[in-house]
Amino acid sequence: MPFDVLPEDVLLSILCLCDVYTILTVSAINKSLRHIASSKQLWLSLVQDSTFRAALDLPPPDPEELGSHSTEELIDFVKSSVIGPGPMWPRGCSSATVTDLELPLDEMGDRPAFRLLPGARYILLHSITQAKLYIYDVWNARRVWEHAAEDHTICQIDLVPGTSIARVFLAQPVPVDYSEQHTLHIEEVDFTTGLSRQTFELGFPTSSFGTAYAIVGDYFLCTMLYSLVYDAKIELIPGHIISTYLESSATYHQILAITRLDAFTTYWQPLTEACLTAQLKREPPTTPITVKTALGYDNRPLGTRSVTVHLTVTPNALRRGAYNVDVHGGEIAAPETIMGKISNFITVNRTPSPARQALLSYRFTPTLSCKGECQLRLISGQRVFSTTETSFPRTITQWSGGSIIVPYRQQEWPMRRVPKYVK
Amino acid sequence: MVLLVTSDNEQFQTEKDIVERSVLIKNMLEDVGESDQPIPLPNVSSSVLKKVTQPSTGPTEIDVRGRYLSTASTTVESPSRPPILEQSQDETRKRTTDISEWDQKFITVDQEMLFEIILAANYLDIKSLLCRRWLQDGSQHDQGARPPEEIRKLFNIVNDFTPEEEAQIKKENEWAEDR
Numbered sequence: 001m002p003f004d005v006l007p008e009d010v011l012l013s014i015l016c017l018c019d020v021y022t023i024l025t026v027s028a029i030n031k032s033l034r035h036i037a038s039s040k041q042l043w044l045s046l047v048q049d050s051t052f053r054a055a056l057d058l059p060p061p062d063p064e065e066l067g068s069h070s071t072e073e074l075i076d077f078v079k080s081s082v083i084g085p086g087p088m089w090p091r092g093c094s095s096a097t098v099t100d101l102e103l104p105l106d107e108m109g110d111r112p113a114f115r116l117l118p119g120a121r122y123i124l125l126h127s128i129t130q131a132k133l134y135i136y137d138v139w140n141a142r143r144v145w146e147h148a149a150e151d152h153t154i155c156q157i158d159l160v161p162g163t164s165i166a167r168v169f170l171a172q173p174v175p176v177d178y179s180e181q182h183t184l185h186i187e188e189v190d191f192t193t194g195l196s197r198q199t200f201e202l203g204f205p206t207s208s209f210g211t212a213y214a215i216v217g218d219y220f221l222c223t224m225l226y227s228l229v230y231d232a233k234i235e236l237i238p239g240h241i242i243s244t245y246l247e248s249s250a251t252y253h254q255i256l257a258i259t260r261l262d263a264f265t266t267y268w269q270p271l272t273e274a275c276l277t278a279q280l281k282r283e284p285p286t287t288p289i290t291v292k293t294a295l296g297y298d299n300r301p302l303g304t305r306s307v308t309v310h311l312t313v314t315p316n317a318l319r320r321g322a323y324n325v326d327v328h329g330g331e332i333a334a335p336e337t338i339m340g341k342i343s344n345f346i347t348v349n350r351t352p353s354p355a356r357q358a359l360l361s362y363r364f365t366p367t368l369s370c371k372g373e374c375q376l377r378l379i380s381g382q383r384v385f386s387t388t389e390t391s392f393p394r395t396i397t398q399w400s401g402g403s404i405i406v407p408y409r410q411q412e413w414p415m416r417r418v419p420k421y422v423k
Numbered sequence: 001m002v003l004l005v006t007s008d009n010e011q012f013q014t015e016k017d018i019v020e021r022s023v024l025i026k027n028m029l030e031d032v033g034e035s036d037q038p039i040p041l042p043n044v045s046s047s048v049l050k051k052v053t054q055p056s057t058g059p060t061e062i063d064v065r066g067r068y069l070s071t072a073s074t075t076v077e078s079p080s081r082p083p084i085l086e087q088s089q090d091e092t093r094k095r096t097t098d099i100s101e102w103d104q105k106f107i108t109v110d111q112e113m114l115f116e117i118i119l120a121a122n123y124l125d126i127k128s129l130l131c132r133r134w135l136q137d138g139s140q141h142d143q144g145a146r147p148p149e150e151i152r153k154l155f156n157i158v159n160d161f162t163p164e165e166e167a168q169i170k171k172e173n174e175w176a177e178d179r
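So the protein sequences, as listed, match chains A and B.
With the first letter of the first sequence counted as 1, position 410 gets the number 410 in full-length UniProt numbering; the numbers rise by one all the way through.
With the first letter of the second sequence counted as 1, position 27 gets the number 27 in full-length UniProt numbering; the numbers rise by one all the way through.
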């Protein structure tokens, strides 16, 4: 049966379920597929797709406004969204348009602590005076959830993709009643109804609460005190743990390592207090590592004991299921050359050279099958001068007298002179 | 139970909640109401219908991909059923990122069968069956999709671009390569 038995509308339906990278690939196969892959309906659905927008922290789509553009302009929009808008400062600000959304919080009293959640749609607030946690939907300035919370409550949230459901992980490392009991529990919240129910609770019988917490899908991750190797950074994504740590060998290399969660399968057992206590007393098993790479730029290792390494993991906007892994850290200076040693004698007052920092961007593609290997690929490495230059988020939040302002930055569309939604 | 009759006159006793994932059959059942009458599917052969309604080979013990299996969320998924028979489009978008073992087996059917399944899915209106797996290697490839040359070879598609056009398209799409 030849390929062209499939009618155009069926192919279009299939493409509507694909990611941008796949569609661009299909558009390069032949003329008829290019025609289908250039349909406006397809690109309109892509630019409004919530997964695509969440990966880039884009503001709520304006269907009418987007609909007024041609396919070429929509492709251009995708391209400029993925490439831009770059850092807010010190430069690169000029070509960005900013959409401000305001969240009035008059009833809140004091300024709460707040954190924009991945995807830049929901914001988590912690009001100490009210002893409550709140989640607001920034797009329509609506409170979607509230929950009693003590002073030091740790809260991590996993937004279930494509739904209005979230898993909220709450931990109370500093017990309120000064008992030896620490608790953590997980709530499942429906943002449309504001209802939540507890799905899991565990009392921690030890004082060994660690510093890293994360929840993704059906997994949550808590580190226990002293369980981490020196200066480790940890991120949890579906099915994998991504981490950087200092290798405890003579080389002291910073390592980027990825571990499949199913590598722990043999250790899994029902999580109860007694079982956890027993496990903590035992020597922990060594963490199996699926992929690892030594971090370095220009033949110089990245990070030493004294330099902090930053790890950020974000979903890739073009390839569904892939992740951008960015590591930022200082480089160790190159070994001294003979010439350098001589010049040390000659110039007495030598000014130290500025710290060299590098940003390494990797793409991680988890395997889809059980047997295949994950792919970790270095996409770019560049020398940078400061963290703000590279890893500054696209969307930041500001407190302004009783309300929170969320400015969404987007690259200006090159095709258009005066964007309609510029404020 | 619902009785389905395929194009080659074979009869299938199928559970109602499985067949109702097909919007076509669901609407038919609603129009007709409770009845023992068989539903004719003149565009679907028995071999294809078997594929579309077959149960999974069994639940996997622990889902390693961090999938949501809670009964409370909207993403509930019975492990004893092929995951791609799900109905919601939103869910399909989410689910295309994790290919289960069942799907692995599914995409290893021969090409002719694959096209027939796609056509049947279109006719029966099972949105989630129309997914992108036919474009994907499903395992070894780093890219989201195979390169155009590979897809051409796989499906015997003739490249009707001139070398200049091809170079032009490659240049146009270059920005996406290292992003």
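The C-beta atom is built at its ideal place from N, Cα and C for all residues, glycine as well.
- Taking DSSP as the reference, what is the three-state secondary structure of Met28(B)? helix
- Neighbour list for Pro147(B) in chain A, Cβ cutoff strictly below 9 angstroms: Thr25 and Ala28
- Query: How big is the Cα-Cα spacing for Gln87(B) and Leu24(B)?
  - Reply: The predicted position of Gln87(B) is uncertain, since its pLDDT is 33 and thus under 50; a value taken from the coordinates is nonetheless stated next. For Gln87(B) and Leu24(B), the distance between alpha carbons rounds to 12 angstroms.
- Task: Find the nearest neighbour of Met224(A) within the set Cys16(A), Val189(A) and Leu276(A), judged by alpha-carbon distance.
- Result: Leu276(A)
- Is there contact between the region 130 to 137 of chain A and the region 7 to 19 of chain B, where contact requires at least three CB pairs shorter than 8 angstroms? Judged by pairs of C-beta atoms under 8 angstroms, the region 130 to 137 of chain A does not touch the region 7 to 19 of chain B, as fewer than three such pairs exist.
- Would Arg383(A) be called buried (16 or more neighbouring beta carbons within 10 Å of its own) or exposed? Under a 10 Å Cβ-count criterion, Arg383(A) is classified as exposed, with fewer than 16 other Cβ atoms of the shown protein chains found around its own Cβ.
- Selected residue, minimal CA-CA separation from Asp326(A), among Ala358(A), Pro366(A) and Asp76(A): Checking every option, the nearest Cα to that of Asp326(A) belongs to Ala358(A).
- To the nearest angstrom, how far is it from the Cα of Arg260(A) to the Cα of Leu41(B)? 44 angstroms
- Task: Pick helix, strand or coil for Glu65(A), following the three-state DSSP scheme.
- Result: helix
- What residues from the region 165 to 178 of chain B come within 8 angstroms of chain A, judged by C-beta to C-beta, listed N to C? Glu166, Ile169, Lys170, Asn173, Trp175, Ala176 and Asp178
- Task: Have a look at Ile289(A) and Arg111(A) and give me their C-alpha separation to the nearest angstrom.
- Result: 43 angstroms
- Shorter than 9 angstroms from the beta carbon of Asn159(B) to some beta carbon of chain A? yes
- Message: List, in chain order, every chain B residue whose beta-carbon is nearer than 8 angstroms to that of Leu6(A).
- Response: Phe115, Ile118 and Leu119
- Please go through the same chain and pick out, in chain order, the residues whose beta-carbon is closer than 6 angstroms to the beta-carbon of Gly84(A), but skip the five residues on each side of it. Gln411
- Going along chain B, which residues have a C-beta under 9 angstroms from Val82(A)? Trp175, Ala176 and Arg179
- Message: Does Val384(A) come out as helix, strand or coil in the three-state DSSP assignment?
- Response: Val384(A) carries a strand assignment under DSSP once its states are collapsed to helix, strand and coil.
- With a CB to CB cut of under 6 angstroms and the five nearest residues on each side skipped, what residues in its chain are close to Asp158(A)? Arg167, Ile215 and Val216
- Task: Under the assumption that Ile29(A) contacts Pro148(B) (Cβ atoms under 8 angstroms), give the Cβ distance between them as a whole number of angstroms.
- Result: 5 angstroms
- Query: How would you label Gln254(A), buried or exposed, when you count the other beta carbons within 10 angstroms and need 16 or more for buried?
  - Reply: buried
- Message: Please list, in chain order, the chain B residues whose beta carbon lies closer than 9 angstroms to that of Lys292(A).
- Response: Those do not exist, as Lys292(A) stays about 17 angstroms from chain B at its closest Cβ, beyond 9 angstroms.
- Whether Leu66(A) touches Phe52(A) by CB criterion (9 angstroms): Using a Cβ distance threshold of 9 angstroms, Leu66(A) and Phe52(A) do not count as a contacting pair.
- Item | Sequence-distant residues of the same chain with beta carbon closer than 6 angstroms to Ile258(A), five excluded per side | His240, Ile242, Thr290 and Val291.
- Query: Roughly how many angstroms separate the alpha carbons of Leu281(A) and Thr199(A), rounded to a whole number?
  - Reply: Checking the sequence shown, residue 281(A) turns out to be Lys, not Leu. Each residue's alpha carbon lies about 27 angstroms from the other.
- Item | Within chain B, the residues that Phe169(A) reaches when beta carbons sit closer than 7 angstroms | Result: empty, since nearest Cβ-Cβ is about 14 angstroms, beyond 7 angstroms.
- Task: Report the three-state DSSP secondary structure of His147(A) (helix, strand or coil).
- Result: strand
- Message: Let's test the definition: count the other Cβ atoms within 10 Å of the Cβ of Arg21(B) and tell me whether it reaches 16, buried, or not, exposed.
- Response: buried
- Task: Work out the CA separation of Asp160(B) and Asn9(B) for me, nearest whole Å.
- Result: For Asn9(B) and Asp160(B), the distance between alpha carbons rounds to 41 angstroms.
- Query: Can you name, in chain order, every residue of its own chain whose Cβ lies under 6 angstroms from the Cβ of Glu116(B), other than the five neighbours on each side?
  - Reply: Scanning its chain for C-beta atoms nearer than 6 angstroms, with the 5 sequence neighbours on each side dropped, one finds around Glu116(B) the residues Val48, in chain order.
- Item | Backbone secondary structure at Asp298(A) - three-state DSSP | Here Asp298(A) sits in coil by DSSP.
- With a threshold of 16 other CB atoms inside 10 Å of the CB of Asp9(A), please say whether the residue is buried or exposed. Classification for Asp9(A): exposed.
- Task: Could you check which residue in Thr286(A), Tyr362(A) and Leu44(A) has the C-alpha nearest to that of Leu311(A)?
- Result: Tyr362(A)
- Message: Short of 8 angstroms Cβ to Cβ, which residues in the region 316 to 329 of chain A face chain B?
- Response: Asn316, Ala317, Leu318, Arg319, Arg320, Gly321 and Ala322
- Query: Does Ile151(B) have its Cβ less than 9 angstroms from a Cβ in chain A?
  - Reply: yes
- Can we say the region 12 to 20 of chain A touches the region 30 to 50 of chain A, given the rule of at least three CB pairs closer than 8 angstroms? The region 12 to 20 of chain A is in contact with the region 30 to 50 of chain A.
- Item | When Cys155(A), Thr265(A) and Leu124(A) are compared against Ala141(A), the one with the closest alpha-carbon | Leu124(A)
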